[in-house]
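Since the structure comes first, as structure tokens, the remarks are kept for the end.
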Amino acid sequence: MKKPIIEFTDFTFKYRSQAKPTLNQINLTIYEGEKILIVGASGSGKSTIGHCINGLVPFSYRGDISGSLKINGKDTRNEGIFALSKMVGTVLQDPDGQFIGLSVGEDIAFTLENDCVSQPDMRARVDEVAKMVDMDNYLSHSLHQLSGGQKQRVSLGGVMVDDVDILLFDEPLANLDPATGKHAIELIDQIHQEWNKTIVIIEHRLEDVLHRHVDRIIVVRDGLIVGDSIPNELLASSILEDCSIREPLYIRALKFAGCKISPDTNPEHINKMKLDLYKDKLLHWYESTNERVQAPISAPVLQLENIDFGYQPNRPILHNISFSIEKGEMVSIVGKNGAGKSTLTKVICGFEQPTSGRILLEGRDLTNDTIKERSLTIGMVMQNPNHMISKHMIYDEVALGLVVRGLPDEEIKQRVEEALRICGLLPYRNWPISALSFGQKKRVTIASILVLKPQVLILDEPTAGQDFRHYTEIMEFLVKLNNLGMTIIMITHDMHLMLEYTPRAIVIADGKKIADALSADILTDYTIIEQANLKETSLFELAIRAGVKNPRDFVHRFISYEKGVGRKWE
Amino acid sequence: MGVEMLSYIDKKSPIHSLTGATKLLCFIMWSFAAMLTYDTRILLLLFMLSVTIFVVSKIKLRDVSFVLLFILIFLLINNIAIYLFSPQEGVKIYGSEHILFSFTERYNITLEQLFYQMNVTLKYFTVIPAALLFIVTTHPSEFAASLNKIGVSYRIAFSVSLALRYIPDIQRDYRNIALAQQARGLDMSKKEKLPTRIKNASSIILPLILSSLDRIEVISNVMELRGFGKNKKRTWYSERPFNRKDYIALFFVGVLLILSLFVTFQNGDRFYNPFS
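Going down the list, the protein sequences come from chains A and B. Under UniProt numbering, the residue at position 308 of the first sequence is numbered 308, and the numbers go up by one with no gaps. Under UniProt numbering, the residue at position 188 of the second sequence is numbered 188, and the numbers go up by one with no gaps.
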């Protein structure tokens, strides 16, 4: 039997600021060399488990503990955060936020500096670690110049420098484009195999983590551990659905087809799964579902014609981008980190002036309109709601845009209440914003744009950092808006979102538009996937392996079927 | 937008190649020399030297033009205030009165007052290039190490350098927030009247504080998890050893300081008096 390295025994923890315990009587043992995935919805307590392991609980976030947590056989309460940091290395979710040094070498060296290692020894060790994470050619590079994947490597190097036994990853996939996320999972796997570390990953994007094998999956709900099993067993059970964690899409499709998933068929990996048992049912389901219905073409509402943009003349960020958005459409803009997606929205909103090209709204040229004038017709919701909220009360925040326009109080009241009602926030209108959850804040920011009655709504990463329940909530809300006739454009890294909610997607790579097609077609086209750092959908793989004649059509049918199911829920 | 005030400007110059600690010590001695004396001859010498050093550093005036302008406006206000509150200061100091013309008995223009205020201005001009140079030619990585080297606690040294490093990030946040607010119709451009603009600009403050607090929580957790504050001391990855250039620079500025003190205090008066 392997040696236990992390042992929670009847462990309960209550944050000082909260009335109820966040973790309740937890029993969990992790053995040396294991690779564990912890999943759970926001607020389930999964991040708190991570904080307990690395010592932020109870040393940074104070609270009451009962029961015990032992790491390497030592009770964490008697150890202190510094002693724990010698055993547990933590990689947080946002690589940008966690860099302390300015250059790669300096950041990796941070722990060594704090340990008073002499400069020659430090440099030798940094070189060694940089080789381990394959960043040895970048030591003097500034962290800002690195790609998302390289940043992940550096933050990993920064904790590996200490030769810790346990590596803890807190939502490593947030903020990464799909292909980079895939590489991150591969990198973690490689470290696990080569250096025999114990790995704990906290993440709610289950399908993406399962890209590589994990030994066990722990499911957390409401401070309790409700699942602790190998991936195959978990996927065969109904625990995921109950805890509102998104199942892998291929499992979902199989369940739609009425298959009962058996753990023996290796459902963990779509490319190794035994499908013989399910093939007939799946093909039958494929035949019986409807063809997709093509939406009728209406009038274009937003048109971009040959847009060029760059901060410096010889370094274009956007190059010759043209597309047209129809009225009432819901469209995704996707592409790798830094491809120019955000810049594109800035150009549309008038934050930046294109160097050439025209933007038309219902046929009218917007080129000479100011930001304020454009804001009457184009609403922009930023990724981080904290970047937008500037009032204490919900009502005031939503009313702000109308108040500055000097509308009469009566009209303001009526419009604000309507927007709040659409967003499901009307009962809270006199609440302070600080009392809201992240997802609710997001809806406040959407409401504050909706009151301005724009014709087009642009959202930057509307679901980033949201668990499946909040994700569904926000997306269903947007669908509702869309059904009311609002045209919606979303920038996203989430391939599920793109596939399920936006029939059409525009793909940007290196400042150029490389595709403008149906989402399902894009996510089954390997050339585009590779060029734009996207990720193929597992549905396609499932369809091919099950011998569906037209796998692409299978994806289309899955989406329309799922939408039908979604409507039944309402 | 490339406006990054007071950040490191990478050039190859003798000034850049000095270690951060040397530059800091030189800057402190230089400021002492300039602050203690009102001797016009010394100030003129220091002023010419600081202009020379500025040229040697290859930093272009336009790189620092924004900050410079800001300081100059402040200097102007300072000069006006001195005159308003103490128009007879020069007469008191130099013990004579050469009236050029007068508005009232108290508020007249004397050669002495002009000379005194010129000295004050000269002090600014002596210290400003040195201060700017220290900031823009010291690599931020080395900044904390050099503060620590001259005896400042490493916690404070690190906080200061972290704060400086976040200036560009906060500027970026500020810009994003400002744009988001403008997109809701809060006009901050010149089309709007000034009071409204100020009111609208204030709507940026709360989001900016909130997002900065988020940033602080993350970074302080990370630092703690990676052992910051464990020991009384720490070492620095990017610290550079002193070499000959550093000793020469320190010696040179040290001599200047002594010379300035000697000239200033030899006749028991901090002021050089051309009127007697």
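All C-beta atoms, glycine included, are put in the ideal place defined by N, C-alpha and C. Treat the numbers as computed from the prediction; the structure is a model and nothing was measured.
Neighbour list for residue i in chain A, Cβ cutoff strictly below 7 Å
i        : result
Asp187/B : Lys372
Gly227/B : Phe82, Ser85, Thr111, Asn114, Asp115
Ser13/B  : Going along chain A, no residue has its Cβ under 7 Å from Ser13/B, so there is no contact; the nearest lies around 19 Å.
Val222/B : Leu92, Gln98, Ile100
Lys193/B : Going along chain A, no residue has its Cβ under 7 Å from Lys193/B, so there is no contact; the nearest lies around 12 Å.
Ile82/B  : Result: empty, since nearest Cβ-Cβ is about 40 Å, beyond 7 Å.
Ile156/B : Simply none; closest approach about 16 Å.
Proximal residues of chain A, C-beta to C-beta of residue i below 9 Å
i             : result
residue 290/B : Outside the shown range of chain B, which is 1 to 276, sits residue 290/B, and nothing can be said about it.
Asp214/B      : Gly97, Asn384, Asn386
Neighbouring residues, chain B, relative to residue i (Cβ below 7 Å)
i        : result
Gly401/A : Arg184, Gly185
Asn54/A  : Leu225
Whether residue i touches residue j by CB criterion (9 Å)
i        : j        : result
Gln25/A  : Gly63/A  : no
Arg212/A : Asp177/A : no
Phe540/A : Arg557/A : no
Phe11/A  : Ile100/A : no
Ile116/B : Ile93/B  : What sits at residue 116/B in the sequence shown is Tyr, not Ile. Cβ distance < 9 Å, so Tyr116/B and Ile93/B count as in contact.
Thr537/A : Met475/A : no
Leu37/A  : Ile239/A : no
Asp214/B : Asn306/A : no
Gly214/A : Lys35/A  : Per the sequence presented here, residue 214/A reads as Val, with Gly not at that position. Result yes, Cβ atoms of Val214/A and Lys35/A sit closer than 9 Å.
Ile449/A : Gly379/A : yes
Met498/A : Leu459/A : no
Gln303/A : Ser288/A : no
Asn482/A : Met330/A : yes
Lys74/A  : Ile6/A   : no
Glu207/A : Leu249/A : yes
Ile218/A : Leu28/A  : yes
Glu224/B : Ser60/A  : yes
Pick from the options that is closest to residue i, judged by C-alpha positions
i        : options                                : result
Val479/A : Val39/A, Trp195/A, Ile422/A            : Ile422/A
Ile219/B : Asp510/A, Val444/A, Ser47/A, Thr90/A   : Thr90/A
Ser42/A  : Glu128/A, Asn368/A, Tyr471/A, Leu139/A : Tyr471/A
Leu457/A : Asp308/A, Thr487/A, Glu473/A, Gln145/A : Thr487/A
Leu162/B : Arg175/B, His139/B, Lys149/B, Leu225/B : His139/B
Gln181/B : Arg252/A, Asn550/A, Gln440/A, Val398/A : Val398/A
Leu132/B : Ile209/B, Thr40/B, Ser7/B              : Ser7/B
Glu113/A : Gly158/A, Leu254/A, Leu376/A, Ile514/A : Gly158/A
Arg416/A : Met122/A, Ala435/A, Lys341/A, Thr445/A : Just to set this straight, residue 416/A is Val in the shown sequence, not Arg. Closest by alpha carbon: Thr445/A.
His319/A : Val301/A, Met132/A, Val347/A, Glu326/A : Val347/A
Pro95/A  : Thr48/A, Thr343/A, Ala184/A, Thr9/A    : Ala184/A
Gln466/A : Leu143/A, Thr492/A, Cys52/A            : Thr492/A
Asp173/B : Arg184/B, Phe143/B, Lys199/B, Ile209/B : Ile209/B
Ser244/A : Asn72/A, Gly40/A, Asp121/A             : Gly40/A
Phe438/A : Pro462/A, Leu420/A, Leu282/A, Tyr501/A : Pro462/A
Proximal chain B residues relative to residue i, where beta-carbon distance stays under 8 Å
i        : result
Ile389/A : Leu206, Pro207, Leu210
Arg405/A : Gly185
Met122/A : Thr235, Tyr237
Gly158/A : Arg226
9 Å Cβ cut-off: residues of chain B touching residue i
i        : result
Leu176/A : In chain order: nothing, as chain B lies at least about 17 Å away.
Ile38/A  : By Cβ distance, chain B contributes nothing, its closest Cβ being about 18 Å from Ile38/A, past 9 Å.
Leu478/A : Correct list: empty, because the minimum Cβ distance to chain B is about 19 Å.
beta-carbon residue i near the ligand ZN non-hydrogen atom, thresh 8 Å
i        : result
Gln414/A : Because no ligand of any kind appears in the structure shown, any question about the ligand ZN cannot be addressed here.
Interface residues of chain A facing residue i [CB-CB closer than 8 Å]
i        : result
Ala180/B : Met380, Met382, His387, Met388
Lys230/B : Phe82, Asn114, Asp115
At what residue ranges does the segment 8-69 of chain A contain a whole run of the beta strand (DSSP E), taking only runs of 3 or more?
-> 23-31, 35-40
Name the residues in the segment 125-151 of chain B whose C-beta lies less than 9 Å from a C-beta of chain A; which are they?
-> Cβ contacts with chain A: His139, Pro140, Ser141.
Of all the residues that make up the segment 65-87 of chain A, which are near chain B by a beta-carbon distance shorter than 9 Å?
-> Ile81, Phe82, Leu84, Ser85, Lys86
Can you list, in chain order, the residues of the segment 107-120 of chain A whose Cβ is nearer than 7 Å to any Cβ on chain B?
-> Ala109, Phe110, Thr111, Glu113, Asn114, Asp115, Cys116, Val117, Ser118, Gln119
Along the segment 232-255 of chain B, what residues have a CB closer than 8 Å to any CB found in chain A?
-> Going along the segment 232-255 of chain B in chain order, one finds Lys233, Arg234, Thr235, Trp236, Tyr237, Ser238, Glu239 with a Cβ nearer than 8 Å to chain A.
Report the residue ranges of all beta strand (DSSP E) runs contained in full by the segment 69-114 of chain B; include only those spanning at least 3 residues, in chain order.
-> The qualifying runs are 99-102, 108-110.
Would you mind listing the alpha helix (DSSP H) stretches within the segment 89-149 of chain A that are 4+ residues and don't spill past its ends, in chain order?
-> DSSP runs (the alpha helix (DSSP H)) wholly in the segment 89-149 of chain A: 104-114, 119-132.
Entirely within the segment 328-385 of chain A and at least 3 residues each: give me those beta strand (DSSP E) ranges in chain order.
-> Here the runs fully enclosed are 330-334, 356-361, 378-381.
Identify each residue in the segment 344-356 of chain A for which the Cβ-Cβ distance to at least one residue of chain B is less than 7 Å, and report them in chain order.
-> Cys349, Phe351
What alpha helix (DSSP H) runs, 4 residues minimum, are completely inside the segment 416-468 of chain A?
-> Qualifying alpha helix (DSSP H) stretches, in chain order: 438-450.
Residues of the segment 481-492 of chain A whose Cβ lies closer than 8 Å to any Cβ of chain B, in chain order | none
Listed from N- to C-terminal order along the chain, which residues in the segment 133-146 of chain A have their beta-carbon within a distance smaller than 8 Å of any beta-carbon of chain B?
-> none
Please name the residues in the segment 316-334 of chain A whose beta-carbon is closer than 8 Å to at least one beta-carbon of chain B, in chain order.
-> none
Could you run through the segment 452-463 of chain A and flag, in chain order, every residue whose CB is less than 8 Å away from some CB of chain B?
-> Leu452
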